[in-house]
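Take a look at the structure set out below.
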Amino acid sequence: GTCVIDWLVSSSSVRNRREGLLLASSLLSEGYLQPAGDTSKAAAEGLSDNPFLDLSDAYYYFPDSGFFCEGYSSDDDVVLKEEFRGTIVKQGCLLKQ
(Lines of atoms letter the chains of each structure in order from A and count residues from 1; the text may use other names and numbers.)
(Lines give C-alpha, C1' and ligand atoms only; values in the text may rest on other atoms or scores of the structure.)
Protein backbone atom coordinates (compact mmCIF):
# COMPACT_ATOMS: atom_id res chain seq x y z
CA GLY A 1 0.00 0.00 0.00
CA THR A 2 2.67 2.46 1.03
CA CYS A 3 4.74 1.69 -2.09
CA VAL A 4 1.74 2.30 -4.35
CA ILE A 5 1.12 5.72 -2.79
CA ASP A 6 4.85 6.54 -2.93
CA TRP A 7 4.89 5.58 -6.62
CA LEU A 8 1.85 7.74 -7.41
CA VAL A 9 3.40 10.74 -5.63
CA SER A 10 6.88 10.27 -7.17
CA SER A 11 5.44 9.94 -10.69
CA SER A 12 3.53 13.22 -10.16
CA SER A 13 0.22 11.42 -10.72
CA VAL A 14 -1.02 12.97 -7.46
CA ARG A 15 0.05 15.97 -5.38
CA ASN A 16 0.06 14.33 -1.94
CA ARG A 17 -0.60 11.10 -0.05
CA ARG A 18 -4.27 11.93 0.50
CA GLU A 19 -4.86 12.26 -3.24
CA GLY A 20 -2.81 9.10 -3.73
CA LEU A 21 -5.06 7.22 -1.33
CA LEU A 22 -8.16 8.39 -3.20
CA LEU A 23 -6.70 7.42 -6.59
CA ALA A 24 -5.45 4.04 -5.32
CA SER A 25 -8.89 3.33 -3.83
CA SER A 26 -10.46 4.10 -7.20
CA LEU A 27 -7.94 1.88 -9.02
CA LEU A 28 -8.78 -0.92 -6.58
CA SER A 29 -12.55 -0.52 -6.95
CA GLU A 30 -12.25 -0.46 -10.77
CA GLY A 31 -10.14 -3.63 -10.77
CA TYR A 32 -6.85 -2.07 -11.93
CA LEU A 33 -5.27 -3.09 -8.60
CA GLN A 34 -5.94 -6.30 -6.68
CA PRO A 35 -5.27 -7.05 -3.01
CA ALA A 36 -2.62 -9.70 -2.28
CA GLY A 37 -2.23 -10.60 1.36
CA ASP A 38 -4.37 -10.87 4.46
CA THR A 39 -4.26 -7.19 5.44
CA SER A 40 -5.17 -5.79 2.04
CA LYS A 41 -7.76 -8.48 1.32
CA ALA A 42 -9.53 -7.80 4.63
CA ALA A 43 -9.69 -4.08 3.83
CA ALA A 44 -10.98 -4.73 0.30
CA GLU A 45 -13.71 -6.97 1.71
CA GLY A 46 -15.02 -4.06 3.77
CA LEU A 47 -13.39 -4.83 7.11
CA SER A 48 -11.75 -1.39 7.10
CA ASP A 49 -12.97 2.19 6.64
CA ASN A 50 -11.05 2.48 3.38
CA PRO A 51 -10.74 -0.38 0.85
CA PHE A 52 -7.12 0.64 0.08
CA LEU A 53 -4.60 0.81 2.92
CA ASP A 54 -1.55 3.09 3.01
CA LEU A 55 0.38 0.54 5.08
CA SER A 56 3.71 -1.16 4.47
CA ASP A 57 2.19 -4.61 5.14
CA ALA A 58 -0.73 -4.13 2.72
CA TYR A 59 0.21 -5.67 -0.65
CA TYR A 60 -1.39 -5.03 -4.03
CA TYR A 61 -0.63 -6.10 -7.59
CA PHE A 62 -1.68 -5.15 -11.11
CA PRO A 63 -3.81 -8.00 -12.55
CA ASP A 64 -2.24 -7.55 -16.01
CA SER A 65 1.26 -7.87 -14.56
CA GLY A 66 1.22 -11.66 -14.82
CA PHE A 67 1.76 -12.03 -11.07
CA PHE A 68 -1.03 -14.62 -11.00
CA CYS A 69 -0.87 -16.12 -14.49
CA GLU A 70 -2.92 -18.95 -15.90
CA GLY A 71 -1.06 -22.17 -15.24
CA TYR A 72 1.03 -20.65 -12.45
CA SER A 73 -1.75 -20.09 -9.96
CA SER A 74 -5.20 -21.35 -9.11
CA ASP A 75 -8.10 -20.24 -7.00
CA ASP A 76 -6.83 -22.60 -4.30
CA ASP A 77 -3.42 -20.89 -4.05
CA VAL A 78 -2.69 -18.93 -0.92
CA VAL A 79 -0.47 -15.86 -1.14
CA LEU A 80 2.06 -16.05 1.65
CA LYS A 81 3.99 -13.11 3.04
CA GLU A 82 7.19 -14.98 2.21
CA GLU A 83 6.42 -14.45 -1.49
CA PHE A 84 6.97 -10.72 -0.99
CA ARG A 85 10.39 -10.93 0.64
CA GLY A 86 13.28 -9.47 -1.29
CA THR A 87 15.28 -6.36 -1.94
CA ILE A 88 13.79 -3.34 -3.64
CA VAL A 89 16.07 -2.53 -6.57
CA LYS A 90 13.75 -0.04 -8.23
CA GLN A 91 10.60 1.52 -6.91
CA GLY A 92 7.79 -0.76 -7.96
CA CYS A 93 10.02 -3.81 -8.51
CA LEU A 94 10.91 -6.61 -6.11
CA LEU A 95 13.90 -8.89 -6.51
CA LYS A 96 13.23 -12.39 -5.12
CA GLN A 97 15.78 -13.84 -2.72
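Per the UniProt record's numbering, the sequence shown starts with residue 1, numbered consecutively. Think of the CB as a built atom: it goes at the ideal place given N, C-alpha and C, for glycine as much as any other residue.
Segment contact flag, the region 46-63 with the region 12-26, C-beta cutoff 8 angstroms, min 3 pairs: yes
Contained alpha helix (DSSP H) runs [length at least 4] in the UniProt domain "DEP" (1-64), N- to C-terminal order: 2-10, 17-29, 38-42
Under 7 angstroms between C-beta atoms of serine 40 and tyrosine 59: yes
Residues near proline 63 by beta carbon distance below 6 angstroms, same chain, minus five either side: Take proline 63, set aside five residues on each side of it, and the residues of its chain with a beta-carbon closer than 6 angstroms to its own are Gln34, in chain order.
Residue burial classification, glycine 37 (beta-carbon count within 10 angstroms, cutoff 16): So glycine 37 ends up on the buried side.
Between the CA atoms of alanine 43 and tyrosine 61 - distance to the nearest angstrom: 15 angstroms
Per-residue burial, glycine 1 [other beta carbons within 10 Å of its own, 16 or more giving buried]: buried
Same chain, Cβ closer than 7 angstroms to leucine 8, five either side skipped, listed in chain order: Answer for leucine 8: Val14, Gly20, Leu23, Ala24, listed in chain order.
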